[in-house]
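Engineer:
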Amino acid sequence: MSVIWENGVYGGNMSPERFVAVTSTTAAKIFNIYPQKGVIAPGSDADVIIWDPNTTTTVSKETHELNVDFNIFEGMTLHGIAETVIASGRIVKSPEEGLRVCTGSGRFVANPPFSPYVYSRVQASEERRNAEEVPVQRTKEDMFIDE
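FYI, the numbering for the sequence shown is 1 to 147, going by UniProt numbering.
1) How about E74 and L99: do their beta carbons lie closer than 7 Å?
2) Nearest-angstrom Cα distance between D45 and A124?
3) Measuring CB to CB, does G80 end up less than 7 Å from S2?
4) How long is the line joining the alpha carbons of V134 and F114, rounded to whole angstroms?
5) Is DSSP giving V39 helix, strand or coil here?
6) Give the single residue among V122, K37, T63 and W5 whose Cα lies nearest to the Cα of R107.
7) For the alpha helix (DSSP H) that D52 lies in, which residues bound it at each end?
8) Among K29, S105, A82 and V59, whose alpha-carbon lies nearest the alpha-carbon of I72?
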């Protein structure tokens, strides 16, 4: 999310409101898990991020919260971080305690294939393209080559 904030909002290419849409609602629709994810509403998961746009950090494989020994963004300075993360109503990351998740606390979220958000656009594009394609009718005279 910080990379999107850096290149989007901090870079002047997107509004903070668009950032929220891209990283929550739109992402959930693309992965076909909306409205379980991507919206704050009754019946949806209680997942919330409190964003600090003023904190600057440098990406490092030594400090990231991934179980790998490299990071493709190594050395990149980023403005803005997820300061506090609340998942299913529980604080799982905070400035005071860092990352604190329990083994087995994750939950499988089914994401059916062929998200209507994506595939309805693909289908509409194909239909437009097919409507624009008009076969050329040829006659025998058109095909005759005069030597």
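Just so you know, even glycine gets a beta-carbon here, dropped at the ideal spot from N, CA and C.
Structural biologist: This is what the structure holds:
1) Annotated as distal: E74 and L99, with beta-carbon spacing of 7 Å or more.
2) Between the alpha carbons of D45 and A124 lies a distance of about 31 Å.
3) If you check the CB distance, G80 and S2 come in under 7 Å.
4) Distance between the alpha carbons of V134 and F114 is about 29 Å.
5) Of the three classes helix, strand and coil, the one that applies to V39 here is coil, per DSSP.
6) Nearest C-alpha to R107 among V122, K37, T63 and W5: K37.
7) Taken as a continuous stretch (DSSP letters only), D52 belongs to no alpha helix (DSSP H), being part of the beta strand (DSSP E) at V48 to T58.
8) Checked all of K29, S105, A82 and V59; the closest Cα to I72 is V59.
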